[in-house]
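Residue numbers (the numbering used here): 1041 to 1293. Ideal Cβ placement from N, Cα and C applies to all residues, glycine included. Heads up, the thing below is written out as structure tokens.
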Amino acid sequence: MRSSILMLAGAAAWLQASVALSEPRQLPAGVRATLSGFVSEHDGMELVLVPSGRFTMGSDSGRHDERPAHAVDLDAFLIDRQEVTNGQFGRFVTETSYRPKGAWKSSDAKDRAQQPVTLVTFADASAYAQWAGRRLPTEAEWERAAAVGGVLGMTGGVWEWTRDWYDRFAYAARANVVTKNPHGPADGAEVEERFRTSKGGNERSTRKVVRGGPSIGGPKELARVSRRAAMNPTHWAEDTGFRCVLSLPGSGG
1041 MRSSILMLAG AAAWLQASVA LSEPRQLPAG VRATLSGFVS EHDGMELVLV PSGRFTMGSD
1101 SGRHDERPAH AVDLDAFLID RQEVTNGQFG RFVTETSYRP KGAWKSSDAK DRAQQPVTLV
1161 TFADASAYAQ WAGRRLPTEA EWERAAAVGG VLGMTGGVWE WTRDWYDRFA YAARANVVTK
1221 NPHGPADGAE VEERFRTSKG GNERSTRKVV RGGPSIGGPK ELARVSRRAA MNPTHWAEDT
1281 GFRCVLSLPG SGG
């Protein structure tokens, strides 16, 4: 009797979310619904549904590259409830014979299977995401998920790779408009005209955006999900890992 009630409750929760969000009922390939949410059949990761809608990205009181706060519309997507772990990354390496570009393989990661994977480059993170049937999030998706809640370790843990190239003037270019599913610069080498007009010089977007990360300015700094940082995609660090996302059928992600 109890199990039947739980099953009905889980089905009702999924139906209610689908109707409320006006999202397709069809799940992406390789994803199954559970009583508590969704699970990837590729790597067993629990996934959280982030609804479509408009949110305020950035902060008028944050650092210069977080300004101004601006409106962004995003399609719905699924995001990993937590960072990819050493155990999951190790399984990927074993099953595919992948050779990590970072220092992960020479570390003690195997002794910390449940801890977030670190010491991985952007290429390592992207390779895992592709193997798992997902992708890395845009920084807009990352910030939206952090604001919605239900996703673990978004602040105070490791920095997390995103798919976007870093553009410190991106938010200024979006002021007073509503941007749909924004991405960073198209590649990592294009010289942007707005860099020159903003007196930034002939900058190039040679770094990828990383989000989250440990607190370096106390609780107030830690709580601000709009914090941005950037990292050379060929580098790795002891405090940099990743999580993945998956677009829903019919979305533009």
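Own chain residues within Cβ distance below 8 Å of residue i, not counting five before or after
i, result
"W1054", "Any answer about W1054 is weak, because its pLDDT of 46 lies below 50 and its placement is not dependable; what the coordinates show is given next. Contacts found: A1073."
"T1274", "K1141, T1161, F1162, A1163"
"A1277", "T1158, L1159, W1199, M1271"
"D1279", "T1158, V1198, W1199, G1253, P1254"
"C1284", "M1085, I1119, D1120, V1124, Y1168, A1169, A1172, R1174, R1175, L1176, P1177"
"R1107", "G1098, S1099, D1100, Y1211, A1212"
"G1102", "R1264, S1266, R1267"
"E1179", "T1202, D1204, G1224, V1249, R1251, R1268"
Whole-Å CB distance - residue i paired with residue j, under 8 Å assumed
i, j, result
"F1327", "Y1168", "Since the first residue shown for the chain is 1041 and the last is 1293, residue 1327 is missing from the structure and cannot be characterised."
Cutoff 7 Å; reference residue i; Cβ partners in own chain excluding five residues on either side
i, result
"G1281", "E1123, V1124, P1156, V1157, T1158, V1160, V1198, E1200"
"S1166", "L1176"
"G1190", "V1088"
"V1265", "E1183, A1186, A1187, M1194, T1195"
"L1192", "R1121, Q1122"
"Y1138", "F1132, A1167"
"T1136", "W1171"
"R1152", "N1126"
Residues that DSSP places opposite residue i in a beta bridge
i, result
"S1080", "V1071"
"W1199", "G1252, T1280"
"M1271", "K1248"
"P1156", "T1125"
"M1097", "H1110"
"L1176", "For L1176, which the question treats as bridged, DSSP gives no partner whatsoever."
Residue j beta carbon less than 8 Å from that of residue i
i, j, result
"G1093", "S1080", "no"
"N1126", "K1150", "yes"
"T1202", "R1251", "yes"
"E1086", "G1098", "no"
"A1215", "H1110", "yes"
"D1113", "V1218", "yes"
"D1083", "Q1128", "yes"
Same chain, Cβ closer than 6 Å to residue i, neighbours up to 5 away in sequence not counted
i, result
"P1225", "W1205, D1207, S1245"
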